[in-house]
Amino acid sequence: MSDRANYAYLDKKQNLRTYVDRWCIGRIGTWLFSGPPEAISDLRSMRPDPGYLLDEVWCDSAVLVDEYNKVLKFFIGPEAKGWSFNYPLIQATVLIVREHWVDWTVNWAYRGIAEISEYIGLNPKFVIPKHYLNFEAINIKEVSSYIEIDPREFDFDTGELLYIESRWIESFITVKYLDSSIHDYCFPWNIENILLLGSQLLQILQAKQSTFALPSEPPNYRGDGSHDRIESGACIDEINKKITVWWQKPRERRYILEKISRIWTGWSVEQVLGGLQQQYELSNRNFPDLTMSPEQAREIMRNHFR
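So in the numbering used here, the last one in the sequence shown is 311, and the numbering has no gaps at all.
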């Protein structure tokens with residue numbers, strides 16, 4: 006698990022205790038897969054940090070246990086190995102945890118620590134760093150001049166693929182143009198900074214080549230960097246003037262969506278939770294070799310938390 010975590014515990018009388026754990030490796034997994042009695046007992050034995058929540062920069066993971074309403078909310082941050090919980094892994098984890106938290110409402114906190122903060126009655130703005138609110142559009146020249154480097158190496162005599170390097174893809178954009186053609190683009194910048202260019206982005210992208218290889222969800226986590234690591238994505242539907250955007254890391258994004266909506270006048274902008282797989286589906290495509298099935302995800306998570 007990640008290192009720093011917040012815990013919030015509401016007992017049967019709705020008394021609130023908050024905790025900060027600066028070394029939570031192993032603890033969260035134990036709680037989630039042991040069930041309420043052990044988790045609640047462990048929480049009660051810890052020393053509270055009254056009213057203290059880490060912000061989005063420092064809070065890697067969080068758990069909310071509401072004993073009165075039988076509600077469990079949580080999110081788990083990226084592993085030190087360099088991978089994050091994508092949508093299939095989130096779904097698999099929640100389903101497994103529900104087996105141990107019988108009769109509880111168990112959900113992933115997609116909005117991160119802001120969602121936990123809001124649930125316990127604290128203003129979520131206090132966990133959002135000010136510099137997160139002041140994001141701007143990327144320089145248009147950078148996007149126009151950016152050329153994606155193909156890291157594949159071929160044996161040109163046989164045409165055989167010899168090697169492909171792992172890619173850290175900060176953002177992946179799919180565009181459905183007015184002529185119904187579909188093109189894909191990978192970039193090393195945050196998706197929100199690119200989308201803030203507004204509709205002029207479409208003209209820039211039309212002049213560029215599609216990505217050399219569609220990104221994939223990792224089939225396993227060997228830790229050898231042999232898979233794409235993708236952080237966010239968007240599907241831009243020029244026909245219906247609709248943008249759907251997603252992020253991998255749990256964080257508050259509503260203010261980001263509002264800012265993007267103001268730039269894209271006449272367009273609808275919404276956040277979706279289904280990640281890479283949903284982005285392909287939104288463009289009416291299905292790539293089982295590039296996405297993770299529920300069965301694969303479930304097996305990975307059972308082995309991971311074993």
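A virtual CB, placed ideally from N, CA and C, is assigned to each residue, including glycine.
According to the Cβ coordinates, are V76 and I33 closer than 8 angstroms? For the purposes of this step, residue 76 is identified with residue 71 of the sequence shown, where counting begins at 1. For the purposes of this step, residue 33 is identified with residue 28 of the sequence shown, where counting begins at 1. Their beta carbons are not under 8 angstroms apart, which means V76 does not touch I33 by this criterion.
If I follow the unbroken alpha helix (DSSP H) through D47, where does it start and stop? Position 42 of the sequence shown, counted from the first residue, corresponds to residue 47. Residues P41 to S50.
Closest Cα partner of Q214 within the set T179, Q205, S221 and N195: As a first step, residue 214 is located in the sequence shown; it is residue number 209 there, counting from the start. Residue T179 holds the alpha-carbon nearest to the alpha-carbon of Q214 among T179, Q205, S221 and N195.
Under 8 angstroms between C-beta atoms of R307 and I101: Numbered from 1 along the sequence shown, position 302 holds the residue referred to as residue 307. Numbered from 1 along the sequence shown, position 96 holds the residue referred to as residue 101. It is a contact, given that the beta carbons lie within the stated cut-off.
Going by other Cβ atoms of all chains shown within 10 Å of its Cβ, with 16 needed for buried, is P220 buried or exposed? Sequence index remark: in the sequence shown, residue 220 carries index 215 (1-based). Buried.
Going by CA-CA distance only, name the one from V111, Y14 and C29 that's closest to P55. Residue numbering aside, residue 55 sits at position 50 when the sequence shown is read from its first letter. Ranking the options by Cα distance to P55, first place goes to Y14.
Is L295 helix, strand or coil by DSSP? Along the sequence shown, one-based indexing puts residue 295 at 290. Reduced to three states, the DSSP call for L295 is coil.
Between N20 and M51, what straight-line distance do the alpha-carbon atoms span, to the nearest angstrom? On the sequence shown, position 15 is the one that residue 20 refers to. On the sequence shown, position 46 is the one that residue 51 refers to. Those two C-alpha atoms are separated by around 15 angstroms.
Helix or strand or just coil, what does DSSP make of F217? Translated into positions along the sequence shown, residue 217 becomes position 212. Here F217 sits in coil by DSSP.
To which residues does DSSP link S266 through a beta bridge? Position 261 of the sequence shown, counting from 1, holds the residue named residue 266. Bridge partners of S266: none, in fact.
If you count every other CB in all the chains shown that lies within 10 Å of the CB of A212, and 16 or more means buried, which is it? Translated into the one-based positions of the sequence shown, residue 212 becomes position 207. By the 10 Å Cβ count, A212 comes out exposed.
When DSSP builds the beta bridges, which residues end up paired with T110? Taking the sequence shown and counting its residues from 1, one reaches residue 110 at position 105. Beta-bridge pairing links T110 to V76.
Delimiting residues of the alpha helix (DSSP H) encompassing E61: Residue numbering aside, residue 61 sits at position 56 when the sequence shown is read from its first letter. Where E61 is concerned, there is no enclosing alpha helix (DSSP H), given that its DSSP letter is neither H nor E.
Nearest-angstrom beta carbon gap, L281 and I235 [assumed within contact, 8 angstroms]: Walking along the sequence shown from the start, residue 235 turns up at place 230. Walking along the sequence shown from the start, residue 281 turns up at place 276. Right, their Cβ atoms sit about 6 angstroms apart.
Using a Cβ-Cβ cut-off of 6 angstroms (strictly less than) and excluding sequence neighbours within five positions of S149, which residues of its own chain qualify? The sequence position of residue 149 within the sequence shown is 144, counting from 1. Correct list, in chain order: I209.
W340 vs I244 beta-carbon contact at 8 angstroms: There is simply no residue 340 to check, as the chain begins at 6 and stops at 311 in what is shown.
Measuring only the C-alpha atoms, how far is I187 from V277? Reading the sequence shown from its first residue, position 182 is the one you call residue 187. Reading the sequence shown from its first residue, position 272 is the one you call residue 277. Spanning the two alpha carbons is a distance of roughly 19 angstroms.
When you compare the CB positions of V132 and A119, do they come within less than 8 angstroms of one another, or not? Position 127 of the sequence shown, counted from the start, is the residue given in the question as residue 132. Position 114 of the sequence shown, counted from the start, is the residue given in the question as residue 119. Less than 8 angstroms separates the beta-carbon of V132 from that of A119.
When you compare only the Cα positions, how much space is there between L127 and Y182? As a first step, residue 127 must be located in the sequence shown, where it is residue number 122. As a first step, residue 182 must be located in the sequence shown, where it is residue number 177. Looking at the two C-alpha atoms, the distance is approximately 43 angstroms.
Beta-carbon proximity of D26 to W36, cut-off 8 angstroms: Working through the sequence shown from its first residue, we reach residue 26 at position 21. Working through the sequence shown from its first residue, we reach residue 36 at position 31. Cβ distance not < 8 angstroms, so D26 and W36 don't count as in contact.
Beta carbon of I196, beta carbon of S176: below 8 angstroms? Taking the first residue of the sequence shown as 1, we reach residue 196 at position 191. Taking the first residue of the sequence shown as 1, we reach residue 176 at position 171. Pairing I196 with S176 gives a Cβ-Cβ distance under 8 angstroms.
Where N144 sits in the DSSP three-state scheme: Indexing the sequence shown from 1 puts residue 144 at position 139. Correct three-state label for N144: coil.
Secondary structure at E275, three-state DSSP: helix, strand or coil? By one-based count along the sequence shown, residue 275 stands at place 270. For E275, the secondary structure class from DSSP, reduced to helix, strand or coil, is strand.
So is Q284 buried or exposed if we call it buried at 16+ other beta carbons inside 10 Å? Within the sequence shown, the letter at position 279 stands for residue 284. Buried is the call here.
Identify whether G82 lies in helix, strand or coil by the three-state DSSP scheme. Numbered from its first residue, the sequence shown carries residue 82 at position 77. Correct three-state label for G82: coil.
Compare the Cα-Cα distances from I305 to each of I199, E141 and E222 and report the closest residue. Taking the sequence shown and counting its residues from 1, the one referred to as residue 305 is at position 300. Of the listed residues, the one whose Cα sits closest to I305 is E222.
Spatial neighbours of L295 within its chain, please: C-beta separation below 8 angstroms, excluding the five flanking residues on both sides. For this step, residue 295 is matched to residue 290 along the sequence shown. Excluding sequence positions up to five before and after L295, its CB lies within less than 8 angstroms of the CB of L219, P220, S221, E222, L281 and Y285, all in the same chain and listed in chain order.
Have a look at C240, D16, L207 and V62 and flag the residue whose alpha-carbon is nearest the alpha-carbon of R290. As a first step, residue 290 must be located in the sequence shown, where it is residue number 285. Taking only the C-alpha atoms, the option nearest R290 is C240.
Buried or exposed by the 16-neighbour rule on C-beta atoms within 10 Å, applied to K18: Within the sequence shown, residue 18 is the residue found at index 13, counting from 1. So K18 ends up on the exposed side.
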